[in-house]
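Written below as structure tokens is the structure these notes are about.
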Amino acid sequence: MTVSAETYVALATVIFFIGVVGVIVRRNPLIMLMAIELLFNAANLALVAYARAWQNTAGHVFAFLVITVAAAEAAIGLAIVAVTFRRMTHVDADEVATLRG
149 MTVSAETYVA LATVIFFIGV VGVIVRRNPL IMLMAIELLF NAANLALVAY ARAWQNTAGH
209 VFAFLVITVA AAEAAIGLAI VAVTFRRMTH VDADEVATLR G
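Listed below in structure tokens is the structure:
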């Protein structure tokens, strides 16, 4: 039994909108980073689904590039969040003035 590309794209759409809601609704930077990772993973799923449907490897290459960007974003973002949480007990993304050094 094969799953159609439309099913994968529908799943990617649902994951993408869960990530968008997570970024918009939550103000905790750690949760926002996890929501951004959901956005990246939804894009990867759509790229790979279309690459499989069109029998083209370009989607796999772009997905690999998105994975490398997501890894760099996670490393830098988590380092910033860890330093910020070490200084303060409560961190809100709307309070960007407190991040000035």
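For the sequence shown, this note's numbering begins at 149 and goes up steadily by one. Where is the CB? At the ideal position from N, CA and C, for every residue including glycine. It should be emphasised that the depicted structure is a prediction, and the values quoted were computed from it without experimental measurement.
Got a sec, what are the start and stop residues for the alpha helix (DSSP H) residue 235 sits in? 206–235
Going straight from the alpha carbon of residue 186 to that of residue 210, what length do you get? 17 angstroms
Whole angstroms is fine: what's the gap from residue 226's alpha carbon to residue 161's? 26 angstroms
Would you mind stating whether residue 188 and residue 214 have Cβ atoms separated by less than 7 angstroms? yes
Alpha-carbon to alpha-carbon, residue 180 and residue 196: 25 angstroms
Using the three-state DSSP reduction, which class does residue 182 fall into: helix, strand or coil? helix
Pick out whichever of 236, 242, 199 and 157 has its Cα sitting closest to the Cα of residue 212. 199
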